[in-house]
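Worksheet for the structure shown next.
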Amino acid sequence: MTNKDFNTLINKYAILIGIGYGLDFLILTIIQRLIPTPNTGNYDIIGLLTSSTWIIQFIVNFIAAMWVYKDMKLCEIKNKLIVVMTLLFSLIGVTMFFITINRENKKAST
115 MTNKDFNTLI NKYAILIGIG YGLDFLILTI IQRLIPTPNT GNYDIIGLLT
165 SSTWIIQFIV NFIAAMWVYK DMKLCEIKNK LIVVMTLLFS LIGVTMFFIT
215 INRENKKAST
């Protein structure tokens with residue numbers, strides 16, 4: 115894998131994870147600023163919007179896990195734990211993926 119390919123991978127995952135965390139931040143900011151305090155009886159709306167951040171983050175994690183799996187097949191890396199970790203925690207899983215790719219590149223170059 116060349117440096118250009120590695121940079122392309124980093125950019126792809128950085129954009130995806132940045133969008134996921136950005137959407138979470140925006141939704142939580144909207145909840146805090148636009149919806150009145152819970153004393154008004156809007157518990158259902160606040161709960162629904164709060165759970166939507168979990169749903170968005172799971173969708174981003176799922177997309178990242180699919181991309182990691184596809185890229186692992188292209189790089190011929192056989193480690194399913196990275197895919198599971200990406201599904202649960204996208205940032206940690208993608209970091210483990212990059213560490214593994216870097217290690218494989220060093221082995222191939224020596």
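Counting with the numbering used here, you get residues 115 to 224 for the letters of the sequence shown. For every residue, glycine included, the Cβ atom is placed at its ideal position computed from N, Cα and C. What you are looking at is a predicted structure, and each value in this text was computed from that prediction instead of being measured.
Rounded to whole angstroms, the Cβ separation of Thr-200 and Ala-179 is 4 Å, and the two are in contact under 8 Å. DSSP, read as helix, strand or coil, puts Thr-209 in helix. In this structure, the beta-carbon distance from Leu-142 to Thr-167 falls below 8 Å.
If you check the CB distance, Thr-224 and Ile-191 do not come in under 8 Å. Annotation for Asn-121: the continuous alpha helix (DSSP H) segment containing it runs 117-148.
In the structure shown, Phe-203 falls within a coil segment according to DSSP collapsed to helix, strand and coil. A residue is called buried when at least 16 other Cβ atoms come within 10 angstroms of its Cβ; Leu-140 does not meet this threshold and is exposed. In the three-state reduction of the DSSP assignment, Asn-193 falls in the coil class, being assigned neither a helical nor a strand state.
Burial state of Leu-123 is buried, judged by a 10 Å Cβ sphere holding 16 or more other Cβ atoms.
Taking a C-beta distance under 8 Å as the contact criterion, Ile-177 and Met-186 do not qualify as a contact pair.
Annotated as distal: Ile-133 and Val-198, with beta-carbon spacing of 8 Å or more.
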